[in-house]
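What follows is a set of notes on a single structure, which appears directly below.
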Ligand code: SAM
Ligand code: SF4
């Protein structure tokens, strides 16, 4: 039997990276991400752990070498460590890297287990280091719990990258402090612009903070050097003279990064999206349940043929670019 071909889209972009949402549920309700009263999907609509592994194997067979588990909050999914261990066994056997994006609430008890399973890097969201503000932005988060979780994974030997959504009047004044804290703690920092994904109660324009302005302000005191590191993702990375922290800027609204896109996104339901900012998709859940690997591969070919050239986010547009929330697609 011939090996299935690699995944190359109609613009010649090779897909080697999959972001896999393992649940749409979350124990927090960050204001820019979710509505206070979110309706979550029934369990039968969500891929089982076995289906996630089978789908991952199909991706790996087609040249995917990095998988990132995300959500919702991936670590609140029942059996998540079983899944991490299962996928961890593929690292070095097709996969180069297994990573996670998490809000950190469950990390205190999981650091050593993640390391043992083969995870070496995690992205952890932290929008404020002020307990009250953290509670306000996340609508229910306990800052101390998250900080203990971050320390636990760092102590277990994992490299931490902090994700901070930059929010005017909510945390803009904490950005420099966060950079210095990351420097002290040995973490990297990525700042993210709010993206118009799904309806939330807030008006995102109220808190939209363009990162080019943040960068100009920081450059009055720090000397930035563009880093050659490219991940095929939306972040541009910078080294800072005299510091070890690396700063990433994710600027979907002020910058474009689509030409080098190497990724697709799998929602917890098995819907696969070609682009975060479009509805172009294929549904794999029923094919995984009844159609077999050939049918899944045919659907992936269809996705690749139609993968959009790029997104078109506009923060001031009346409606979100897409109706689904980041927690559904997997941020
Ligand atoms: N729950 C995990 C977490 O918070 O890290 C993983 C999922 S979350 C959807 C992934 C990332 O997306 C987080 O860093 C979060 O801050 C970011 N995010 C969520 N909604 C966003 C939005 N509308 N615009 C920009 N970033 C968003
Ligand atoms: Fe949950 Fe992450 Fe969304 Fe916050 S950003 S509500 S932690 S999924």
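Numbering (this note's numbering), first residue to last: 2 to 332.
All C-beta atoms in this analysis are idealised placements derived from N, C-alpha and C, irrespective of residue type, glycine included.
In this text, all values refer to a predicted model and were calculated from it rather than measured experimentally.
Practice problem: Compute every distance between the C-beta of residue 73 and the non-hydrogen atoms of the ligand SF4, then say whether any falls below 8 Å. | Solution: Residue mapping note: residue 73 aligns to position 72 of the chain shown, counting from 1. Checking every heavy atom of the ligand SF4 against the Cβ of residue 73, one is found closer than 8 Å.
Practice problem: Could you say which of 189, 267, 130 lies nearest to residue 71 if we only look at CA atoms? | Solution: Locating residue 71 in the chain shown gives position 70, where the first residue counts as 1. Looking at the Cα atoms, 267 is the closest of the given residues.
Quiz item: For residue 319, which residues of its own chain have a beta-carbon under 7 Å away from its beta-carbon, when the five flanking residues on both sides are left out?
Solution: Counting from 1 along the chain shown, the entry for residue 319 is found at position 318. Reliability of the predicted coordinates at residue 319 is poor, the pLDDT of 49 falling under 50, and the value obtained from them is presented with this limitation in mind. Around residue 319: no qualifying Cβ.
Quiz item: Count the other CB atoms within 10 Å of the CB of residue 235; is the residue buried (16 or more) or exposed (fewer)?
Solution: Stepping through the chain shown from its first residue, residue 235 is reached at position 234. So residue 235 counts as buried.
Self-check item: Which of helix, strand or coil DSSP assigns to residue 249
Solution: As a position in the chain shown, residue 249 is number 248, starting the count at 1. Three-state DSSP puts residue 249 in a strand.
Exercise. Would you decide whether residue 203 is buried or exposed? Buried here means 16 or more other CB atoms lie within 10 Å of its CB.
Key: By 1-based counting over the chain shown, the position of residue 203 is 202. Exposed is the call here.
Exercise. Please confirm whether residue 30 and residue 137 have their CB atoms less than 9 Å apart.
Key: Residue numbering aside, residue 30 sits at position 29 when the chain shown is read from its first letter. Residue numbering aside, residue 137 sits at position 136 when the chain shown is read from its first letter. Not a contact, by the Cβ cut-off of 9 Å.
Practice problem: Under 6 Å Cβ to Cβ from residue 46, same chain only, skipping five residues before and after it: list those, please. | Solution: By one-based count along the chain shown, residue 46 stands at place 45. The answer, listed in chain order, is 270.
Practice problem: Would you be able to state if there are at least three C-beta pairs under 8 Å between the stretch 143-157 and the stretch 176-185? | Solution: Contact check between the stretch 176-185 and the stretch 143-157: fewer than three CB pairs, one atom from each, fall below 8 Å, which does not count as touching.
Self-check item: Burial state of residue 291, where buried means 16 or more other Cβ atoms lie within 10 Å
Solution: Taking the first residue of the chain shown as 1, we reach residue 291 at position 290. Flag for residue 291 reads exposed.
Quiz item: Between 145, 239, 188, which lies nearest to residue 106 when the distance is taken from Cα to Cα?
Solution: Reading the chain shown from its first residue, position 105 is the one you call residue 106. Ranking the options by Cα distance to residue 106, first place goes to 145.
Exercise. For residue 297, I'd like the list of residues in its chain whose CB is within less than 8 Å of its CB, leaving aside the five on either flank, ordered along the chain.
Key: Reading the chain shown from its first residue, position 296 is the one you call residue 297. The residues are 56, 59, 285, 288, 289.
Exercise. Tell me, please, whether the CB atom of residue 229 is closer than 9 Å to any CB atom in chain D?
Key: Annotation note: the requested chain D is absent from the structure, which comprises a single protein chain.
Practice problem: In angstroms with no decimal places, state the Cα-to-Cα distance between residue 377 and residue 194. | Solution: Limits of the chain in this structure are 2 at one end and 332 at the other, which puts residue 377 out of reach.
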